[in-house]
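**Q** If you scroll down you'll find the structure; I have some questions about it.
There are 2 protein chains.
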Amino acid sequence: MRKTVSILGSTGSIGKQALNVITDLSDKFNLFGLAAGANIEALKEQIIKHKPKIVSVQDEKAALELKKEFPKLEILFGREGLEQIAGNKQNDIALIAVSGTAGLYPTIAAINNNINVALANKETLVSAGSLVMKLAKEKKVNIIPVDSEHSAIYQCISNKDKDFIKKLIITGSGGPFRTRTLKDMQNATVAQALAHPKWSMGSKITIDSATLMNKGLEVIEAHWLFNIDYKDINVVIHPQSIIHSAVEFVDGSVIAQMGIPSMHIPIQYALTYPQRCKGIESETLSLTQVSRLDFEEPDLNKFPCLKLAYQSGKSGQTYPTVLNALNEVAVEEFLNTQIKLTDIPNIVEEGLNKHNPMPANDLNAIIAADKWGRDFAKNLINKYLIKK
Amino acid sequence: MRKTVSILGSTGSIGKQALNVITDLSDKFNLFGLAAGANIEALKEQIIKHKPKIVSVQDEKAALELKKEFPKLEILFGREGLEQIAGNKQNDIALIAVSGTAGLYPTIAAINNNINVALANKETLVSAGSLVMKLAKEKKVNIIPVDSEHSAIYQCISNKDKDFIKKLIITGSGGPFRTRTLKDMQNATVAQALAHPKWSMGSKITIDSATLMNKGLEVIEAHWLFNIDYKDINVVIHPQSIIHSAVEFVDGSVIAQMGIPSMHIPIQYALTYPQRCKGIESETLSLTQVSRLDFEEPDLNKFPCLKLAYQSGKSGQTYPTVLNALNEVAVEEFLNTQIKLTDIPNIVEEGLNKHNPMPANDLNAIIAADKWGRDFAKNLINKYLIKK
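What follows is the structure, given as structure tokens:
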């Protein structure tokens with residue numbers, strides 16, 4: 360039986376690969392809706408090629424423009440558009456691959472309508488993990504992670520083993536500054552920070568990989584997804600990115616998921632789950648060709664973002680929400696060449712120190728904390744502004 | 360609820376560790392029977408310490424001697440003793456850790472009586488895999504492998520994934536001669552061949568590790584256990600012995616089981632399956648302490664036994680039975696310093712070339728082939744005898 364899928368964030372890196380998956384496995388999937396942000400040209404091509412039943416874009420103006428070209432197509436916009444597509448009962452699964460906290464609303468809409476979620480949006484669980492996982496449990500909805508690390512962990516935990524987890528081991532390549540000095544990082548250009556050695560991803564997540572905030576967000580995400588204490592989640596730097604993460608069980612046995620560094624596999628797995636399929640990019644890993652795997656501890660002095668993420672996770676309440684909001688603004692300002700790469704953790708730390716936390720169990724508290732974090736970071740930019 | 364366990368081969372390396380497991384997890388296990396070979400002194404100590412309900416030894420003389428010391432204990436001997444202990448309906452699980460083809464009979468006795476088998480005896484599946492797996496399927500009995508490689512694969516295959524296997528990857532340390540020349544192997548002493556770099560095991564299996572026949576037998580065993588074609592079973596040399604084996608799925612995802620090189624974990628897993636428990640030797644693997652894992656192709660010129668095992672497996676019928684029988688005799692003669700290490704594959708190859716195969720689907724054909732192999736090898740020893 361075919362699965363009906365909607366893809367939110369269809370013009371991004373994950374969304375495009377997801378469309379490749381459902382095109383490749385066209386006997387297994389029907390496309391229902393597509394949602395994109397501001398990249399209307401790319402969305403137009405996708406509409407022509409993939410024939411969605413419904414689409415949504417970021418703003419009304421773009422929606423009206425699109426309507427002229429596709430008069431018979433149902434076209435929505437904004438937050439409501441995302442929610443209507445993700446929450447439509449025709450879906451078997453909704454892939455949430457929009458970036459930022461915008462992913463939170465359609466995720467909740469899907470869960471509320473008993474639709475399984477393939478979750479490629481980190482911020483949803485970082486900001487609102489408690490709320491989202493509680494709701495998913497109530498509604499008996501699967502949240503299947505798309506991030507390669509969480510997909511790895513998800514694949515490592517069989518039903519019979521789920522009560523015997525001791526520890527999660529999240530691996531990371533270490534990013535472009537693993538072998539560089541702190542001074543190199545202080546002087547890093549945007550181009551240098553975007554030159555990820557192993558993974559081709561969007562710019563926000565690539566900068567997060569350069570600061571290791573990405574691993575920090577993943578730790579918080581893993582905490583919520585798998586219900587594991589922060590003290591039992593370890594980050595290991597593994598430059599070859601072949602072991603995508605692992606789980607240690609109480610008996611000392613470790614199950615790891617491995618593969619070539621390609622997002623195609625976790626995207627496809629999330630969509631075909633619980634099945635596996637041979638796909639176009641199911642490239643075989645050859646351990647003898649890889650020949651060598653290395654592992655090292657992360658350097659928390661060089662990468663304070665990882666430490667800050669653990670701290671905010673352990674502190675709980677709205678701290679992770681604020682961490683994420685502060686970081687989003689700071690990364691954007693770095694990409695706009697307004698601040699230094701190494702000032703991202705400074706901005707995050709100042710914000711966390713000033714934040715008055717609230718319980719993170721309702722959406723209003725989360726949205727307020729998110730707004731507080733963004734405003735705080737924006738007000739702080741002047742202090743760190745690069746003199747040009 | 361406690362599981363009732365019998366341990367056949369209790370004075371061997373696996374048997375002793377299994378007794379440690381059930382002593383450590385004494386709230387989970389009852390001991391029913393113990394069976395040993397000729398090491399009566401060690402068995403006496405085990406009887407006093409572990410209080411089995413029934414024991415068996417190799418020959419009648421030893422049984423009578425033991426009876427004097429333990430007049431109230433039921434004491435059996437020989438093949439029938441093994442069968443009666445393994446097949447007793449009181450068992451929930453029988454650990455078959457006797458060495459050689461002697462393991463075949465109690466394995467069949469256990470299966471016939473619907474008792475799950477923890478199988479540490481390679482020869483059973485190598486010689487009679489078709490027969491044993493068919494019977495296990497009929498009787499709905501689990502054959503849970505104890506070998507670290509097969510335990511790894513067993514742990515990597517969740518119920519939902521079992522139909523999507525593409526390939527098995529069996530790892531091996533490469534043994535003591537991995538970095539030595541063929542000439543070193545030709546002149547190898549017994550002590551050199553027994554100096555395994557990673558695993559502490561019995562002498563037969565340690566010699567098999569030195570020739571890589573061990574990997575070959577494991578390939579055949581894996582073929583039967585997991586119902587996978589020989590062409591889809593790869594051997595990878597991995598000197599650190601941290602990844603104990605892995606499974607590649609059709610989507611390109613690879614699941615691997617890792618741990619410190621200790622037989623304690625797979626023995627315990629086989630006994631506690633489908634649960635996992637924290638045990639005395641559930642030592643934690645630290646990837647950052649291990650720091651590096653290497654992989655290379657096996658050198659089939661230096662280790663022809665591996666090639667011979669694949670050939671015999673692919674040829675099927677009674678070829679693997681004969682391979683195993685020829686190898687057992689040749690290893691024994693090497694341990695007795697009668698032949699060179701590098702003549703083991705020569706003897707195996709000559710035997711395989713001379714063998715007239717039979718279908719391996721009844722016990723008589725298997726026993727006849729096993730006997731033919733042993734006799735052939737014994738008759739061949741003179742040709743390879745080391746001149747002293």
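Here the protein sequences line up with chains U and Z, keeping their order. Residue 360 is where the first sequence starts when you use the working numbering, and the numbers rise one by one after that. Residue 360 is where the second sequence starts when you use the working numbering, and the numbers rise one by one after that. Where is the CB? At the ideal position from N, CA and C, for every residue including glycine.
For Q599(U), name the three-state secondary structure that DSSP assigns.
**A** Coil.
**Q** Between P620(Z) and the rest of its own chain, which residues show a CB-CB distance below 7 Å, the 5 nearest in sequence each way excluded?
**A** K557, W558 and S600
**Q** Please look up how many angstroms separate the CB atoms of T631(U) and K387(U), rounded, as I've assumed it's under 8 Å.
**A** 7 Å
**Q** Please confirm if V649(Z) has its CB atom under 8 Å from at least one CB of chain U.
**A** For V649(Z), the answer is yes, since a Cβ of chain U falls inside 8 Å of its Cβ.
**Q** Does T302(Z) pass the burial test, meaning 16 or more other C-beta atoms within 10 Å, or should it be called exposed?
**A** No statement about residue 302(Z) is possible, as the shown extent of chain Z runs from 360 to 747 and does not include it.
**Q** CA-CA distance, V500(Z) and N475(Z)?
**A** 5 Å
**Q** If I measure Cβ to Cβ from D383(U) and keep anything under 6 Å in the same chain, skipping five residues before and after, which residues do I get?
**A** G638 and I639
**Q** What residues match up with N389(Z) in a beta bridge as DSSP calls it?
**A** T363(Z)
**Q** Is it the case that the Cβ atoms of E497(Z) and T530(Z) are separated by a distance below 8 Å?
**A** The Cβ atoms of E497(Z) and T530(Z) do not sit closer than 8 Å to each other.
**Q** Go through the region 528–592 of chain U residue by residue and report every complete run of the alpha helix (DSSP H) that reaches 4 residues or more, in order.
**A** Along the region 528–592 of chain U, the alpha helix (DSSP H) occurs as fully enclosed runs of 4 or more residues at 541–545, 549–553, 562–570 and 572–585, listed in sequence order.
**Q** For F662(U), which residues of its own chain have a beta-carbon under 7 Å away from its beta-carbon, when the five flanking residues on both sides are left out?
**A** T570 and L571
**Q** Looking at M617(Z) and Q676(Z), is the spacing between their C-beta atoms short of 8 Å?
**A** Judged by their CB atoms, Q676(Z) and M617(Z) are not nearer to each other than the 8 Å cut-off.
**Q** Helix or strand or just coil, what does DSSP make of M492(U)?
**A** Residue state, collapsed to three classes: helix.
**Q** State the start and end residues of the unbroken beta strand (DSSP E) segment that holds N379(Z).
**A** Run containing N379(Z): none in the beta strand (DSSP E); it sits in the alpha helix (DSSP H), S372 to D383.
**Q** Is there a C-beta anywhere in chain Z that falls below 8 Å from the one on M544(U)?
**A** no
**Q** Can you tell me where the beta strand (DSSP E) with Q616(U) in it begins and where it stops?
**A** V613 to M617
**Q** Check the Cβ of E642(U) against every Cβ in chain Z and list those closer than 8 Å, keeping chain order.
**A** G611
**Q** Using 8 Å as the threshold, is the C-beta distance between N561(Z) and S415(Z) below it?
**A** A small fix is needed here, since residue 561(Z) is Gly in this sequence, not Asn. Cβ atoms of G561(Z) and S415(Z): not closer than 8 Å.
**Q** Can you pull out the residues from the region 626–637 of chain Z whose beta carbon lies closer than 8 Å to at least one beta carbon of chain U?
**A** Q627, Y628, T631, P633, Q634, R635, C636 and K637
**Q** What does the alpha-carbon distance come out to for the pair F608(Z) and K526(Z)?
**A** For F608(Z) and K526(Z), the distance between alpha carbons rounds to 7 Å.
**Q** Which first and last residues belong to the beta strand (DSSP E) in which F436(Z) is found?
**A** E433 to F436
**Q** Measuring only between beta-carbons, confirm whether E656(Z) sits less than 8 Å from chain U.
**A** yes
**Q** Mind the definition here: the region 537–553 of chain Z touches the region 447–457 of chain Z only if three or more C-beta pairs lie below 8 Å; say whether that holds.
**A** no
**Q** Does the contact criterion of 3 or more C-beta pairs under 8 Å hold for the region 666–680 of chain U versus the region 725–735 of chain U?
**A** yes
**Q** Taking all protein chains shown into account, decide if S532(U) is buried (16 or more other Cβ within 10 angstroms of its Cβ) or exposed.
**A** buried
**Q** Could you name the residues of the same chain whose beta carbon sits closer than 6 Å to that of A487(Z), not counting the 5 residues immediately before and after it, in chain order?
**A** L463 and I725
**Q** Flag this pair as yes or no: are the beta carbons of I406(Z) and F391(Z) separated by less than 8 Å?
**A** The criterion of a C-beta distance shorter than 8 Å is not satisfied by I406(Z) and F391(Z).
**Q** Could you check which residue in V707(U), R537(U), A629(U) and K574(U) has the C-alpha nearest to that of K481(U)?
**A** K574(U)
**Q** Give me, in chain order, the residues of the same chain whose beta-carbon lies closer than 7 Å to that of R537(Z); leave out the 5 immediate sequence neighbours on both sides.
**A** I596 and P598
**Q** Any beta carbon of chain Z sitting closer than 8 Å to that of K746(U)?
**A** For K746(U), the nearest beta carbon of chain Z is not closer than 8 Å to its own beta carbon.
**Q** Applying a beta-carbon distance threshold of less than 9 Å, which residues of chain Z neighbour N518(U)?
**A** S517, N518 and K519
**Q** Buried or exposed, going by whether 16 or more other CB atoms sit within 10 Å of the CB of D702(Z)?
**A** buried
**Q** Would you mind listing the alpha helix (DSSP H) stretches within the region 639–677 of chain U that are 4+ residues and don't spill past its ends, in chain order?
**A** Here the runs fully enclosed are 646–649 and 663–674.
**Q** Within 10 Å of its beta-carbon, does T483(U) have 16 or more other beta-carbons around it, so buried, or fewer, so exposed?
**A** By the neighbour-count criterion, in which a residue is buried when 16 or more other Cβ atoms sit within 10 angstroms of its Cβ, T483(U) is buried.
**Q** Please state whether the Cβ-Cβ distance between I502(U) and L584(U) is less than 8 Å.
**A** yes
**Q** State the DSSP-derived secondary structure class of P504(Z), mapped to helix, strand or coil.
**A** strand
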